[in-house]
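Enquirer: By the UniProt record's numbering, the letter at position 108 of the sequence shown is numbered 108, and the numbering carries on one by one without gaps. To start, I am sharing the structure in question, which I have written as structure tokens.
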Amino acid sequence: MTFHRLMMIPLLVIFLAACSGQTVQASNSDPNLLIMGEDYDDDTVPRDSRVFRRVLNALSNQLNDEGFSVYDETALTLDDFAQGRVRRTDAELIDIARSIDQPPIDVVVMFSIYASAQDVGYTTRVRARVEGRLLNVRTGQRLGNFELPSPREWNAPPNCSRECILETIGEYSRILANDVGAVLTEKLAWMVDGGGQAPGGGMDNAYTLVFDGFTPDEMMTFEEYLVIFSGYRDHRPTYSGARRQELWYESQIETARLNRNLQRMLQEVGLRGVVTFSGNTFTVRKITLRGERPRPDANDDW
Numbered sequence: 001m002t003f004h005r006l007m008m009i010p011l012l013v014i015f016l017a018a019c020s021g022q023t024v025q026a027s028n029s030d031p032n033l034l035i036m037g038e039d040y041d042d043d044t045v046p047r048d049s050r051v052f053r054r055v056l057n058a059l060s061n062q063l064n065d066e067g068f069s070v071y072d073e074t075a076l077t078l079d080d081f082a083q084g085r086v087r088r089t090d091a092e093l094i095d096i097a098r099s100i101d102q103p104p105i106d107v108v109v110m111f112s113i114y115a116s117a118q119d120v121g122y123t124t125r126v127r128a129r130v131e132g133r134l135l136n137v138r139t140g141q142r143l144g145n146f147e148l149p150s151p152r153e154w155n156a157p158p159n160c161s162r163e164c165i166l167e168t169i170g171e172y173s174r175i176l177a178n179d180v181g182a183v184l185t186e187k188l189a190w191m192v193d194g195g196g197q198a199p200g201g202g203m204d205n206a207y208t209l210v211f212d213g214f215t216p217d218e219m220m221t222f223e224e225y226l227v228i229f230s231g232y233r234d235h236r237p238t239y240s241g242a243r244r245q246e247l248w249y250e251s252q253i254e255t256a257r258l259n260r261n262l263q264r265m266l267q268e269v270g271l272r273g274v275v276t277f278s279g280n281t282f283t284v285r286k287i288t289l290r291g292e293r294p295r296p297d298a299n300d301d302w
């Protein structure tokens, strides 16, 4: 590494430190949320029922009131996906969430509603339970589970059919959903605020960084920059070849800032390259130019 490059790395550290106020603001931005009903189990309440819609609306309102960005699945998937499907698998839900890119979804809230009833002859005891999980769409990491049973049994008429049970639950579903929303708000706020980790908070993200066409010496230079980017947590190689490196990069940095940092890094080390992004993968491709053919100096005499 040349003396010039060695000097530029400390200068970049100073530059990033001077922008620390902007960095904290970026890392504290709330994730984009998508709430989806997981009703593949036949014992769950299907997503086309009134009970499901009441719980969904109550969850959305609760998270919206706390300042989170919650998006409607139907509005985002209206043009490109089949509507009205029920009993959807986990794989279908995750694939839909990952396929949405305007806006990109960061966290999906997957919930299920279970209902049970016990006929005791003179009345029917009805109970309900909402359970689910938080999933980081980009990495597949589970961010937490939640389960909340109804605070007490509710009474329904004797010989209450399934439709009767759902109607009974529907009367109390908003109360149950508000309680679930309070639990989710606490979990999400804890993650966004950093979960007691480094000051400045922010939810951890993970990216795949692909460097194509660069030599091992150039990659060593790049790694010295990657570890000083704002929000850096950890990185590890997932593939290493003579002219291609792939890294798993964990950080609280936002996508736009990481894109700018990679562009700036190429400028600082004096290399030409193109940075592209898709999903959670950044690809940096080297632009190589044919070396100039050496020409004799006009002043050289033989």
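Beta carbons are placed, not taken as given, at the ideal position from N, Cα and C, and that holds for glycine. In this text the structure is predicted, and so the values were computed from the model without any measurement.
1. Whole-angstrom Cβ separation of R54 and A177, contact assumed at under 8 Å?
2. Should M36 go down as buried or exposed, given a rule of 16 or more other Cβ atoms within 10 Å for buried?
3. By the three-class DSSP mapping on this structure, what secondary structure does T168 have?
4. Since N155 is in the beta strand (DSSP E), which residue starts that stretch and which ends it?
5. Mind checking whether S251 and V51 have CB atoms under 7 Å apart?
6. Whole angstroms is fine: what's the gap from Q83's alpha carbon to D48's?
7. Just the C-alpha distance for V137 and D106, rounded to the nearest angstrom, thanks.
8. Run through the DSSP bridge pairs and tell me what V109 is partnered with.
9. I need the DSSP call for T238, collapsed to helix, strand or coil.
10. Please list, in chain order, all residues of the same chain as V86 whose beta carbon is under 7 Å from its beta carbon, the five residues on each side excluded.
11. Ignore the nearest five residues each way along the sequence and tell me which others in V180's own chain have a CB closer than 6 Å to its CB.
12. So, does the stretch 182–193 touch the stretch 215–235, judging by three or more C-beta pairs under 8 Å?
13. Tell me the rounded alpha-carbon separation between H235 and I113.
14. Terminal residues of the continuous alpha helix (DSSP H) containing L258?
15. For the ligand PLP, is there any heavy atom lying closer than 6 Å to the beta carbon of T139?
16. Return the chain-ordered ranges of every beta strand (DSSP E) run that is complete within the stretch 53–110 and spans a minimum of 3 residues.
17. Please list, in chain order, all residues of the same chain as L266 whose beta carbon is under 8 Å from its beta carbon, the five residues on each side excluded.
18. With DSSP run on the structure shown, which of helix, strand or coil describes G140?
19. Suppose you measure from the CA of L59 to the CA of F111; what does that come to, to the nearest Å?
20. CA-CA distance, D41 and R264?
21. Count the other C-beta atoms from every protein chain shown that fall within 10 angstroms of the C-beta of E73, then say buried if there are 16 or more, exposed otherwise.
22. Using the Cα positions of W248 and P157, report the straight-line distance between them to the nearest angstrom.
23. By how many angstroms is the C-alpha of E223 removed from the C-alpha of S240?
24. When you compare the CB positions of V70 and L93, do they come within less than 7 Å of one another, or not?
25. Just how far apart, CA to CA, sit V269 and D30?
Expert: Once the coordinates are examined:
1. Position 54 of the sequence shown, counted from the first residue, corresponds to residue 54. Position 177 of the sequence shown, counted from the first residue, corresponds to residue 177. Confirmed, Cβ separation roughly 7 Å.
2. Stepping through the sequence shown from its first residue, residue 36 is reached at position 36. Per the 10 Å Cβ criterion, buried.
3. Counting from one through the sequence shown, the residue named residue 168 turns up at place 168. Reduced to three states, the DSSP call for T168 is helix.
4. Working through the sequence shown from its first residue, we reach residue 155 at position 155. Its beta strand (DSSP E) spans residues W154 to A156.
5. Position 251 of the sequence shown, counted from the start, is the residue given in the question as residue 251. Position 51 of the sequence shown, counted from the start, is the residue given in the question as residue 51. In this structure, V51 does not lie closer than 7 Å to S251 by Cβ.
6. For the purposes of this step, residue 83 is identified with residue 83 of the sequence shown, where counting begins at 1. For the purposes of this step, residue 48 is identified with residue 48 of the sequence shown, where counting begins at 1. CA-to-CA, the gap between Q83 and D48 works out to about 11 Å.
7. For the purposes of this step, residue 137 is taken as residue 137 along the sequence shown, with counting starting at 1. For the purposes of this step, residue 106 is taken as residue 106 along the sequence shown, with counting starting at 1. When rounded, the distance between both Cα atoms is 5 Å.
8. Counted from its first residue, the sequence shown places residue 109 at position 109. As DSSP reads the structure, V109 sits in a beta bridge with I35 and L134.
9. Taking the sequence shown and counting its residues from 1, the one referred to as residue 238 is at position 238. Secondary structure of T238 (DSSP, three-state): strand.
10. Your numbering for residue 86 matches position 86 in the sequence shown. Correct list, in chain order: D39, P46, R47 and D48.
11. Stepping through the sequence shown from its first residue, residue 180 is reached at position 180. Taken in chain order, the residues that qualify are V130 and L148.
12. Verdict: no, contact absent.
13. Position 235 of the sequence shown, counted from the start, is the residue given in the question as residue 235. Position 113 of the sequence shown, counted from the start, is the residue given in the question as residue 113. For the pair H235 and I113, the Cα-to-Cα distance works out to about 39 Å.
14. Within the sequence shown, residue 258 is the residue found at index 258, counting from 1. Taken as a continuous stretch (DSSP letters only), the alpha helix (DSSP H) holding L258 covers T255 to V269.
15. This structure lacks the ligand PLP; in fact it carries no ligand of any kind.
16. 69–71
17. The count along the sequence shown starts at 1 and reaches residue 266 at position 266. Closer than 8 Å at Cβ, skipping near neighbours: R272, G273, V275 and V284.
18. As a first step, residue 140 is located in the sequence shown; it is residue number 140 there, counting from the start. Three-state DSSP puts G140 in coil, outside helix and strand.
19. Taking the sequence shown and counting its residues from 1, the one referred to as residue 59 is at position 59. Taking the sequence shown and counting its residues from 1, the one referred to as residue 111 is at position 111. As the crow flies, the alpha-carbon of L59 is around 10 Å from that of F111.
20. As a first step, residue 41 must be located in the sequence shown, where it is residue number 41. As a first step, residue 264 must be located in the sequence shown, where it is residue number 264. Approximately 50 Å, taken between the alpha carbons.
21. Here residue 73 is taken as the residue at index 73 of the sequence shown, counted from 1. Taking a 10 Å sphere around the C-beta of E73, we find 16 or more other C-beta atoms and assign the residue as buried.
22. Taking the sequence shown and counting its residues from 1, one reaches residue 248 at position 248. Taking the sequence shown and counting its residues from 1, one reaches residue 157 at position 157. The alpha-carbon atoms of W248 and P157 are separated by roughly 57 Å.
23. In the sequence shown, counting from the first residue as 1, residue 240 sits at position 240. In the sequence shown, counting from the first residue as 1, residue 223 sits at position 223. Roughly 13 Å between the two C-alpha positions.
24. Indexing the sequence shown from 1 puts residue 70 at position 70. Indexing the sequence shown from 1 puts residue 93 at position 93. Not in contact: V70 and L93 (Cβ atoms no closer than 7 Å).
25. Taking the sequence shown and counting its residues from 1, the one referred to as residue 269 is at position 269. Taking the sequence shown and counting its residues from 1, the one referred to as residue 30 is at position 30. Answer to the nearest angstrom: the Cα atoms are 33 Å apart.
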